[in-house]
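Encoded as structure tokens, the structure appears first; notes follow it.
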Amino acid sequence: MNQPLAITVAQKAGPKVTLGVGALVLAVLIALPLLHLLPADNVLHVSAYTLTLVGKILCYCIVALALDLVWGYAGLLSLGHGLFFALGGYAMGMYLSREAAGDGLPAFMSFLAWTELPWYWYGTSNFLWALCLVVLAPGLLALVFGFFAFRSRIKGVYFSIMTQALTFAGMLLFFRNETGFGGNNGFTGFTRILGFDITAQGTRAALFIATLALLVGSLYLGFKLARSKFGRVLTAVRDAENRLMFCGYDPRGYKLFIWVLSAVLCGLAGALYVPQVGIINPSEMSPTNSIEAAVWVALGGRGTLIGPLLGAGLVNGMKSWFTVAFPEYWLFALGALFIGVTLYLPKGVIGLLRKRGEQ
Amino acid sequence: MKRRPLLKSTLAASALLLSGLFPFTVQAAETIKVGILHSLSGTMAISETSLKDMALMTIDEINAKGGVLGKQLEPVVVDPASNWPLFAERARQLLSQDKVDVTFGCWTSVSRKSVLPVYEELNGLLFYPVQYEGEELSPNVFYTGAAPNQQAIPAVEYLMSEDGGAAKRYFLLGTDYVYPRTTNKILRAFLHSKGVADKDIQEVYTPFGHSDYQTIVANIKKFSAGGKTAVISTVNGDSNVPFYKELANQGIEATDIPVVAFSVGEEELRGIDTKPLVGQLAAWNYFQSVENPVNSAFVAKWKAYAKAKNLPGADKAVTNDPMEATYVGINMWAQAVEKAGSTDVDKVRDAMAGQTFAAPSGYTLTMDATNHHLHKPVMIGEVQEDGQFEVVWQTEGPLRAQPWSPYIEGNDKKPDYAVKSN
Amino acid sequence: MSSTANPELMLEPAFDPAGSGRDAIGASTAASQGLNIRHGTILTLEDINVSFDGFKALSNLCLYIGVGELRCIIGPNGAGKTTLMDVITGKTRPDNGVAYFGETLDLTRMSEVEIAQAGIGRKFQKPTVFEALSVFENLELAQKTSKTVWASLRARLSGEQRDRIDEVLATIKLDGSRQRPAGLLSHGQKQFLEIGMLLVQDPQLLLLDEPVAGMTDAETEFTAELFKSLARKHSLMVVEHDMGFVGSIADHVTVLHQGSVLAAGSLAQVQADERVIEVYLGR
Amino acid sequence: MPTALYRLFLLLTLLLPLTGHAGDASDFVAASPSKQAKLLESWSAAPDAARLPLLEALQQGRLAADSGKNPFIEVNGLYQSAEGEFAPAEAPRKLRLNNRLRGLIGTAMASHQLLAEEPALRLAAARELQKRAKPAQLGLLDARVASETDAQVRTALTLALANLQLVDRDPAIRLAAVRLLGETGDPLARTRLETLLDPAVEDDAGVRTAAQTGLAQVKRKLLIGELLGQAFSGLSLGSILLLAALGLAITFGLLGVINMAHGEMLMLGAYATYMVQLLFQRFAPEAIALYPLVALPVAFFVTAAIGMALERTVIRHLYGRPLETLLATWGISLILIQLVRLLFGAQNVEVANPYWLSGGVQVLPNLVLPYNRIVIIGFALCVVVLTWLLLNKTRLGLNVRAVTQNRAMAACCGVPTGRVDMLAFGLGSGIAGLGGVALSQIGNVGPDLGQSYIIDSFLVVVLGGVGQLAGSVMAAFGLGIANKILEPQIGAVLGKILILGLIILFIQKRPQGLFALKGRVID
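Residue numbers (our numbering), protein chains in the order written: chain A, 1 to 359; chain B, 1001 to 1422; chain C, 2001 to 2283; chain D, 3001 to 3523.
Below is the structure:
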């Protein structure tokens, strides 16, 4: 796997073109929520269905970006990023279900015959603490898991299998009703966020803009990191960790930093995903979702920052289209995509574009 | 020259991305759009595929008789793939993109809960064909499956009766999700009202896809040593096979410890070797083995349809309670539209009240005037060798549904008519 | 091309810390990092034992390397040369024995990273460089600066650091391919790059594992000159099979055999030693 | 007792209905369910040999009645009139029974069988009565104990009697009964003894203390039964995990190929078993009991062939790139699942257990070991031995080990690495197919059968140590037993989560697993 392609793509294809394309896509994405505000009968009106769909895909793009930071740059293939995404979602879900329940208990607690909130639910009625939880929950889990994992120097595939076992354990835990997160149903039936009605056009547009801002912010952060010395050390960690140690760098600190950062980004994406989609439940943590995220990054092109966004957009766009047009053949298409990308597109779509760009 | 190919391919890529989002459907003027929202892949495909096929058969039947209000019914089938957020997305697409007038769909409670906000927001109409835990009454949903008082409670009454084995102790075994939790909560309160002490009730939950029931069966045996025991099983469809196999292999017969199940129907029995299950019980509002002219016609029609469309396993096609509920639901909706003279949701909702239909279960089912539930008869069936059920007990006539179970405190204040949940 | 190695150089301390100008740079850099080298030995290994499931890789080996000295280690394959380097750099923990860097730093209890930061640089047998990074970036990473995460986030190359890199690029004759990815360099160029990385790291003790393997004669000769120019400022320990190269640089030679020191002294002395001939050099 | 005599006796009883005891059958058929129950109770109190065939017909569901309430017994399809000469007006309808009646029929049969000459029959009847004897049968049991010749049957009968004597007036009889119950260790005895502890029920102090000691004895026996039960279920789960993971131990442990489609090999093995069962049902229904044995080689070669095909087409290009193999094989697993769903339908397919794999052996009063689990444990162990032999004692095994340790050097030594990889991968998949055959006997067979085992299999191989069969065996049984010990305490879900947590921590400590590869690892 050679050097961070993001920079070479930009240099090769000429900075003006990538910026041009980037600006174009950004303009379209900004226009969407504004068009949504138009009255329904106006021909340019963008329906709530499309807005939530694109919003959902943007959240998945942030997850793909976060996964690319750890996999493309530091060589850590995590098959458990769905867990961090879901933890962020659950933190926001707790706040939303407290909002929907007013001062009473959230609906699902009635059949568990709980009369008062468990300790971890305290404070979730105010938005700021919920935001802290969105960052703290995935961040702390990543810190603890990462500290142990990187201290013991487990490598490559072992690390991936451990992360898969972690997200599987998380799913089982959240499926239990006694854990107090709504068991199999999770949280749904949200009504208000920060006092605004969650189904109002204004709220939907604001949520969309927030997701877009988070995406652009994390992209900028990614570029900054890739260009800094930190990014180069990360690439060195991926390629020759021993050599790096003998140059006096402690790779554990670097891996832990990027691992926790990536988990927090996933948590934030999850927090923005839930109010737009309207439901969060343990199946988000299933190992299948996390592996699908890995294919977005692989399809887009590891180690490039734009690649995974393209990958996430393409795969999820196909998923929405396939499950409507050819419901039975979607899994064939996804399976073929997995095999095709790993065999014929090792550097992903961006790699393809770069090669075409060079000819 | 170099730059243009790059520009073209990136634009092409984003075009594909955006085109995937606006599925354009040509608006055919003269048909009534009917949405079918059942999982055709993923874990729930096992139960929901047959409901989709039953819905299509009923629609063909109605179209053959001239459709509704002179218009043909056009089914719109989508696959939410047992993925709950996808249910919500597909529901929104059916209502806002395809503009369907009614939707028949969902199976698990979580899929219903995830689409409920969408139907209430866009004032759509959903028919839910599966028995469920109650505690919900939305103006946009008609529940053609059984409420707890139309399935769980009569089953326990039968177990308490002399014929049912006069059980003294009850082992409530279920999969850990909201339907078993709520049903067991109602049953525990009901058992207390019948004087059964807490030490004679044991509640055990297993995770989804649990396949090793050795410890659970050992627990049941230990528990049953304390007195005549009955097991009330709300185990989810898939996990029933390992449970019953382990029960039989450990030498427990229905005569020593009867097991009544609420989610084992003819469809699930197709996948199980029924020899060790003979004598085990199931409670439903309909069994395929029920003998009456309406049912024999219904079963014959279904078998012919399965063979004609050569559905997988068509030779062993069976009908079960949710399929009957789907059949009744679609016919009642058609009658309501004819009565209301339009497919507008509010008009149809009012027209639905009091609708009656001669159902394959041998009774005429009536839609309750206010609480959106069907009056349904309850039957207890015993598993036979051929994978069918033999009805050993049934209520005299249809029972009125109680969505707000009296056995959960605070329910008496809940209104008996539909009100929006938020 | 035997060098006029001065055998007794080893016996009295190579220089006293306050020492003459020649060694001041070496001493000063060592002293500046608080490395206590009062007795003049930078590395002390006593009774080091390492065994892999019964196979004795090192058996009670004793080795002392003086400050500013250029020590060559020779011996047949499997004599424990690479294991010795692993022990010094902390990659393998000895079963028992004492290993000190300077007087105070106990190598057996320090991690690889701490040992590297304390001032021991290592060049691997197979040249390992950061293939995805450019030559300049390889050197930038190896440079002696604060290597914590926060530092690397804010790092800016100062003018002086940039000059130091250019100077080293010149010495290893790679200033022409500054921006080329290291992966595209030839085997010899990679060896030089790795040596360059060691130089910018500016360690007190350089461990070089077969640095000239696979190099042309011209390159070997150039490397010999380079090492000799380094000898005064740094202490070097070179593991090598190329007797010509050893002859041209060695102050002092130690012969390893089956995990322990067989003989030590100048190259001439060692070549004359009966046991060494019988075991290693052959008739 | 010469069996010929017994057969004569049976023949005789068959003819009896013709001479006919007055209308037993017709009263039963005419009676309402509750009246039928009373009839059965009276019959079990006063058994009459003539009634045996009627009871047998009832138990096997062969009693039927026509509209005129005349009883008929169906003998392989033909309806014989049970009493009197009535030709069946139209096809008589089978009598409807419920669980309560079936229980009473069982008791009646047992008391009737007491009269039979066959000691084995009498023993079975006595055991049945231990469980279900009704107070009304006290007199009958008393008489039978006195006249019983066979020692074994007598002890069983005295035990059945003891259950009823607990409420006898005479304390001495109660004392003897309590002491007898003490040794049985039967769970039912425990509850009966517990009721005796309360002075209100049992006034005699002596009997109460005897009940106390008896109860302690019974509890100890039950505890042993429980622990044995847990150990057995742990072994059984362990053997299942081992069968699932063994194939992976080869493909991942030895070849280093991360095969996420391994679960689907299990599923294909199970579907192969289903196909073999279908063929047997159609072409050789009488030998249906042998279908699992035939399914073993079929499943092995089918999955091995599919495994080899996958290896040749996809995995061959991805050696040395573990992360890409992981994603590619995950794609293969999605395709395989959807393919099977389209071919066989989304529903589960029915795989019936043959007779020798259903039921269980009663080892202790509260412990029944199911046959299918015993067979699977044995099967798992011999698969392990076979694999060990194959790997260590055959040429292919040597090649496989050579290729896995150093592919380049093996190629230099003339080992056809391409073919060896293919065969090794085929072997791994074939073993997974065998695992699939075993799984089809204990759980349901559906398209996503493999998904529930894939993560457990990887954990077993990683925990056991890569490249070490012994490690995987230890890890599988260890996990199985740990799971089964935790489950009663904290429930299935928390048990699984705790085990996953422990594995994650363990791997941090010892990344190379339980049985590490010896020697220096030069990376």
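We put the CB at the ideal spot given by N, CA and C, even for glycine. All values derive from a computational prediction rather than experimental measurement.
About 5 Å separates the beta carbon of T342/A from that of L3327/D, a gap short enough to meet the 8 Å contact definition.
In this structure, DSSP gives T3404/D a helical state, which the three-state scheme calls helix. Excluding five sequence positions before and after M1044/B, the CB atoms of its chain that fall closer than 6 Å to its own CB belong to S1082, W1107, given in chain order. The C-alpha of G1265/B is placed about 37 Å away from the C-alpha of L79/A. Under the Cβ distance rule, P1117/B counts among the residues neighbouring chain A, one pair being separated by less than 7 Å. The alpha carbon of G1209/B has as its nearest neighbour, out of A3261/D, Y3453/D, S3472/D, G3478/D, the alpha carbon of Y3453/D. Within the same chain, Cβ atoms closer than 7 Å to the Cβ of I198/A are found at F190, T191, R192, P275, the five residues on either side in sequence being excluded. A direct Cα-Cα distance of roughly 10 Å separates P282/A from R176/A. Following the DSSP letters along the chain, one finds R3062/D in no alpha helix (DSSP H), marked with neither H nor E. S2051/C and D2095/C have their C-alpha atoms roughly 7 Å apart. Shortest Cα-Cα distance from S1233/B to any of A1300/B, V1260/B, S1224/B, A1091/B involves V1260/B. The bridge partners DSSP lists for D2106/C are Y2100/C.
Near chain A, meaning a CB-to-CB distance below 8 Å, the residues of the region 1111–1145 of chain B are K1113, S1114, L1116, P1117, V1118, E1121, E1133, E1135. Cβ atoms of S3111/D and P3047/D come within 8 Å of each other, at about 4 Å. Residues of chain D whose Cβ lies closer than 7 Å to the Cβ of T342/A are, in chain order, L3318, E3324, L3327, A3328. Between the alpha carbons of L3293/D and L1173/B lies a distance of about 35 Å.
Residues of the same chain with a CB within less than 7 Å of the CB of L83/A, apart from the 5 flanking positions on each side, are L166, T167, G170, M285 in chain order. Per DSSP, N2049/C is one residue of the beta strand (DSSP E) stretching across 2041–2052.
If you compare the alpha carbons of Q2204/C, L2061/C, D2053/C, I2065/C with that of H2039/C, the shortest gap goes to I2065/C. Per DSSP, H2257/C is one residue of the beta strand (DSSP E) stretching across 2252–2257.
Taking 8 Å as the upper bound for CB-CB distance, E2112/C and T2083/C are not in contact here, some 15 Å apart.
Among the residues facing chain B, A3346/D is included, as its CB has a counterpart in that chain under 7 Å away. Three or more beta-carbon pairs separated by less than 8 Å are not found between the region 2163–2170 of chain C and the region 254–274 of chain A, which leaves the two stretches without contact. Excluding the 5 residues flanking it on each side, Y1158/B has same chain C-beta neighbours closer than 7 Å at G1164, I1380, W1393, in chain order. According to DSSP, G2066/C shares a beta bridge with T2041/C.
For P1085/B, the enclosing alpha helix (DSSP H) starts and ends at 1084–1092.
About 7 Å separates the CB atoms of V2238/C and P2211/C; that is less than 8 Å, so the two are in contact.
Of all residues in the region 67–79 of chain A, only L77 come within less than 7 Å of chain D when Cβ atoms are compared, listed by chain position.
Per DSSP, Q3080/D lies in no alpha helix (DSSP H) segment; the continuous beta strand (DSSP E) that holds it begins and ends at 3078–3081. The C-beta of S290/A comes no closer than 7 Å to any C-beta of chain B. Of all residues in the region 156–187 of chain A, those with a C-beta nearer than 8 Å to a C-beta of chain D are G156, V157, Y158, S160, I161, M162, Q164, A165, L166, F168, A169, L172, L173, F175, R176, reading in chain order. Identification of chain D residues near G335/A by a Cβ-Cβ cut-off of 9 Å yields W3330, G3331, I3332, S3333, L3334, I3335, L3336, I3337, Q3338, ordered along the chain. When secondary structure is reduced to three states using DSSP, G1174/B falls in the strand class. Considering only beta carbons, the part of the region 3487–3501 of chain D lying closer than 8 Å to chain A consists of V3493, L3494, K3496, I3497, L3500, G3501, in chain order. The three-state secondary structure of G2265/C, taken from DSSP, is strand.
Inclusion of A2263/C and D2273/C in the CB contact set at 7 Å is warranted, their separation being smaller than that value.
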